[in-house]
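Q: In full-length UniProt numbering, the protein residues as written are 1 to 619.
We treat Cβ as the ideally placed atom computed from N, Cα and C, and that holds for glycine.
Mind having a look at this structure? Questions to follow.
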């Protein structure tokens, strides 16, 4: 092995479509490393980080004394990279000390006549919202609601939901939003865990709800309030404020608890990052069972804006007619839903926030400069990890920006004790006051919270700490300015022929050659009687192609594999193309990959081939 000293040199941009090329040359006792990179796809700072990482690896290999050392035991981060990371993440951001219902009261005090809620079933000013929620809170208190008492809220889309959630918070209780689209069995499982004395419900609630838990309408509970001048209990920031349930790895709902601090810290940051305030009319599309529905409601109400609530079906499908009828100018959508929205059909829309899935560039291009776009990211355990205003000229797929309310660390996806430098692809760990308080009933996923060795040890002048970091399971890359690029879930990265393949990248290339005429989802499926899984592309043909489904697929995909072979490795090329009427979605508006896998696994390869009607171009 030559001298471990290493010289770093930068050369001209690589030829062809290569993003980066690394060359090593022996010069006497020195090993010179030369890096060529495309400055359109790669920042010079990222190239420097790569050079330092490679230099460190070579030095470690040279110094290894044990033949049993594994490559996975090598340290991939340099001392300079560590110093930069700790300099950025030396101090945990402070938490909000506010209570969200107090912030809504402040708006009502100074701007009582501002519109607060504009729903299909009625409208409320801020004064009316505060008065109604206070009366309901007093009635709830008479029924025993106080600190730690969980009150499920089971309403169709209605002005009563924001009234009810504010009332529960004022009474000192914990609210749990439920959507009327949730199946009875799941609601029963959730309420058995929540241990609630009763639920607040709408007038159209099905009778079976009363078999699970006692129910009361908001109107009936308000009758119990003696006087709106009666005092309400004092709340503290560390009290529980919210329970919500997401899909658990065991198949049973996973309960999550937020305190008032977590709720306020996240909602205030959303308000800042999305520029909520008077004049913003937020159209609510998300189902009540998801955290984004609750956060958009509260974030807009603490800003002085107006929450626009359509009827259930109009919200789920982001009906242009409903959006225009409510004069909404802002909306949250998943990229899947945004792809279906025609910008010409919603002239009142000025602001579009995208969340829930990796944001592809074609969505940004679709709305290019017609409105202000935001992208934000965060799981229910830490809802607002990053957010950014989208610049169509510089946007790259998955760019999600930063926030000021948490710290972000990138680690080896297989070992969270191995910290990675900026530019490296790894699993995102989150630290700070946006983290949920706890899981309910000691959920086994508590292992998702860790205190890595490197955090306890600190670095140089930076003291270590006993932190609490959440393992998101998402693969990301950190840019030199600290902003995140979301690459996808660990479980959307698969291995084909020993090579790692990101399914969203396959989708990008197939979609490009279909020229936007079809929806595309790539997934690994195992057909009946197959010995191994195959890469499949599910294709949803647009309505304007007036041919039978199979024939449409044949027309669209003719020769596509030869075209793909010119741009991507063989492993990125689907083995089968499966036509579907529509891409299935989950209740959260995300692509339902599990449903597609189940569909693909219910057929033999021969049956899939007959669906395709002809062989596609070979490669």
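Suppose you measure from the CA of residue 409 to the CA of residue 423; what does that come to, to the nearest Å?
A: Sequence index remark: in the chain shown, residue 409 carries index 409 (1-based). Sequence index remark: in the chain shown, residue 423 carries index 423 (1-based). If I take the Cα positions, the gap works out to 12 Å.
Q: In chain order, which continuous runs of the alpha helix (DSSP H) of length 4 or greater are located wholly inside the segment 420 to 499?
A: 453 to 457
Q: Roughly how many angstroms lie between the CA atoms of residue 478 and residue 72, to the nearest whole one?
A: Sequence index remark: in the chain shown, residue 478 carries index 478 (1-based). Sequence index remark: in the chain shown, residue 72 carries index 72 (1-based). Roughly 21 Å between the two C-alpha positions.
Q: Beta-carbon within less than 6 Å of residue 444's beta-carbon, same chain only, minus the 5 sequence neighbours each way: which residues are those?
A: Reading the chain shown from its first residue, position 444 is the one you call residue 444. Because the pLDDT of residue 444 is 49, which lies under 50, any placement of that residue in the model is unreliable, and the number read from its coordinates should be weighed accordingly. For residue 444, where only same-chain residues beyond five positions count, there are no Cβ hits under 6 Å.
Q: At the level of alpha carbons, what is the spacing between residue 429 and residue 86?
A: Indexing the chain shown from 1 puts residue 429 at position 429. Indexing the chain shown from 1 puts residue 86 at position 86. Near 14 Å, if we compare the C-alpha coordinates of residue 86 and residue 429.
Q: Roughly how far, in whole angstroms, is the beta-carbon of residue 197 from the beta-carbon of residue 149, given that I think they are within contact range, below 8 Å?
A: As a first step, residue 197 must be located in the chain shown, where it is residue number 197. As a first step, residue 149 must be located in the chain shown, where it is residue number 149. At roughly 7 Å, the Cβ-Cβ gap stays under 8 Å, so residue 197 and residue 149 are in contact.
Q: For residue 309, count neighbouring Cβ atoms within 10 angstroms of its own Cβ and tell me buried if that reaches 16, exposed if not.
A: Start at 1 with the first residue of the chain shown, and residue 309 comes out as number 309. Flag for residue 309 reads buried.
Q: Quick one, which of 416, 462 and 352 has its alpha-carbon nearest residue 447's?
A: For the purposes of this step, residue 447 is taken as residue 447 along the chain shown, with counting starting at 1. Answer by Cα proximity: 416.
Q: Could you say if the segment 201 to 208 and the segment 135 to 150 meet the contact criterion of at least three C-beta pairs nearer than 8 Å?
A: no
Q: In the DSSP assignment, find the beta strand (DSSP E) that holds residue 385 and state where it starts and stops.
A: Stepping through the chain shown from its first residue, residue 385 is reached at position 385. Neither: residue 385 is in no beta strand (DSSP E) and is coded neither H nor E.
Q: Would you check if there are 3 or more beta carbon pairs closer than 8 Å linking the segment 108 to 116 to the segment 303 to 318?
A: yes
Q: How would you call residue 24, buried or exposed, if buried means at least 16 neighbouring beta carbons within 10 angstroms?
A: Reading the chain shown from its first residue, position 24 is the one you call residue 24. Its Cβ having fewer than 16 others within 10 Å, residue 24 is exposed.
Q: So does the segment 369 to 384 actually touch the segment 458 to 468, counting three or more Cβ pairs closer than 8 Å?
A: no
Q: Could you check the C-alpha separation between residue 404 and residue 93 for me, to the nearest Å?
A: The residue you call residue 404 lines up with position 404 of the chain shown. The residue you call residue 93 lines up with position 93 of the chain shown. Roughly 7 Å between the two C-alpha positions.
Q: Quick check: the Cα distance between residue 342 and residue 165, rounded to an integer number of angstroms?
A: Within the chain shown, residue 342 is the residue found at index 342, counting from 1. Within the chain shown, residue 165 is the residue found at index 165, counting from 1. Approximately 33 Å, taken between the alpha carbons.
Q: Need the endpoints of the alpha helix (DSSP H) that residue 56 sits in, please.
A: As a position in the chain shown, residue 56 is number 56, starting the count at 1. Unbroken alpha helix (DSSP H) run through residue 56: 44 to 63.
Q: Is DSSP giving residue 241 helix, strand or coil here?
A: One-based indexing of the chain shown puts residue 241 at position 241. In the structure shown, residue 241 sits in a strand (DSSP, three-state: E or B).
Q: Hey, residue 265 and residue 95: beta-carbon distance below 8 Å or not?
A: Translated into the one-based positions of the chain shown, residue 265 becomes position 265. Translated into the one-based positions of the chain shown, residue 95 becomes position 95. Yes, these two residues count as a Cβ contact at 8 Å.
Q: Quick check: what's the CA-CA separation for residue 187 versus residue 19?
A: Numbered from its first residue, the chain shown carries residue 187 at position 187. Numbered from its first residue, the chain shown carries residue 19 at position 19. Between the alpha carbons of residue 187 and residue 19 lies a distance of about 50 Å.
Q: Pull the bridge partners of residue 537 from the DSSP assignment, please.
A: Along the chain shown, read from residue 1 onward, the residue named residue 537 stands at position 537. Note: residue 537 sits in a beta bridge opposite 522 and 577.
Q: Which one of 152, 175 and 38 has the shortest CA to CA distance from residue 210?
A: One-based indexing of the chain shown puts residue 210 at position 210. Closest option to residue 210, judged by alpha-carbon separation, among 152, 175 and 38: 152.
Q: Would you list the one or two residues that DSSP bridges to residue 412?
A: By one-based count along the chain shown, residue 412 stands at place 412. In the DSSP output, where bridge partners are listed per residue, residue 412 has 415.
Q: Give me, in chain order, the residues of the same chain whose beta-carbon lies closer than 6 Å to that of residue 503; leave out the 5 immediate sequence neighbours on both sides.
A: Counting from 1 along the chain shown, the entry for residue 503 is found at position 503. So the qualifying residues of the chain are 492 and 522.
Q: Assuming residue 626 and residue 74 form a contact by the criterion Cβ under 8 Å, report the distance between their Cβ atoms to the nearest whole angstrom.
A: Absent from the model: residue 626. The displayed extent of the chain is 1 to 619, so no value can be given.
Q: According to DSSP, is residue 315 part of a helix, a strand, or is it coil?
A: Walking along the chain shown from the start, residue 315 turns up at place 315. In this structure, residue 315 counts as helix in the three-state DSSP scheme.
Q: Looking only at its own chain, which residues have a Cβ that is under 7 Å from the Cβ of residue 585, when we skip the five neighbours before and after it?
A: Mapped onto the chain shown, residue 585 falls at position 585. Excluding residues within five positions, the ones whose Cβ falls inside 7 Å are 336, 591 and 592.
Q: Could you say which of 512, 98, 53 and 58 lies nearest to residue 30 if we only look at CA atoms?
A: Here residue 30 is taken as the residue at index 30 of the chain shown, counted from 1. Selection 512, 98, 53 and 58 evaluated against residue 30 yields 58 as nearest (Cα-Cα).
Q: Can the beta-carbon of residue 529 be found less than 8 Å from the beta-carbon of residue 574?
A: To locate residue 529, count along the chain shown from 1; it is residue 529. To locate residue 574, count along the chain shown from 1; it is residue 574. In this structure, residue 574 does not lie closer than 8 Å to residue 529 by Cβ.
Q: Residues in the same chain with beta-carbon distance under 8 Å from residue 364, minus the five sequence neighbours each way, listed in chain order, please.
A: Sequence index remark: in the chain shown, residue 364 carries index 364 (1-based). Correct list, in chain order: 373, 390, 392 and 395.
Q: Return the first residue and the last residue of the beta strand (DSSP E) that residue 125 is part of.
A: For the purposes of this step, residue 125 is taken as the residue at position 125 of the chain shown. Taken as a continuous stretch (DSSP letters only), the beta strand (DSSP E) holding residue 125 covers 122 to 125.
Q: How many Å lie between residue 481 and residue 193 at the Cα?
A: Translated into the one-based positions of the chain shown, residue 481 becomes position 481. Translated into the one-based positions of the chain shown, residue 193 becomes position 193. One C-alpha to the other measures close to 43 Å.
Q: Assuming residue 232 contacts residue 143 (C-beta within less than 8 Å), just tell me the rounded distance between them.
A: Numbered from 1 along the chain shown, position 232 holds the residue referred to as residue 232. Numbered from 1 along the chain shown, position 143 holds the residue referred to as residue 143. In this structure residue 232 is not in contact with residue 143, their Cβ atoms being roughly 14 Å apart against a cut-off of 8 Å.
Q: Using a 10 Å radius around the Cβ and a threshold of 16 neighbouring Cβ atoms, would you call residue 453 buried or exposed?
A: Residue 453 sits at position 453 when you count from the first residue of the chain shown. Classification for residue 453: exposed.
Q: Is the CB-CB distance between residue 97 and residue 237 below 8 Å?
A: Sequence index remark: in the chain shown, residue 97 carries index 97 (1-based). Sequence index remark: in the chain shown, residue 237 carries index 237 (1-based). Yes, the pair counts as a contact, with Cβ atoms nearer than the cut-off.
Q: Report the rounded CA-to-CA distance for residue 278 versus residue 514, giving the unit in angstroms.
A: As a position in the chain shown, residue 278 is number 278, starting the count at 1. As a position in the chain shown, residue 514 is number 514, starting the count at 1. Spanning the two alpha carbons is a distance of roughly 42 Å.
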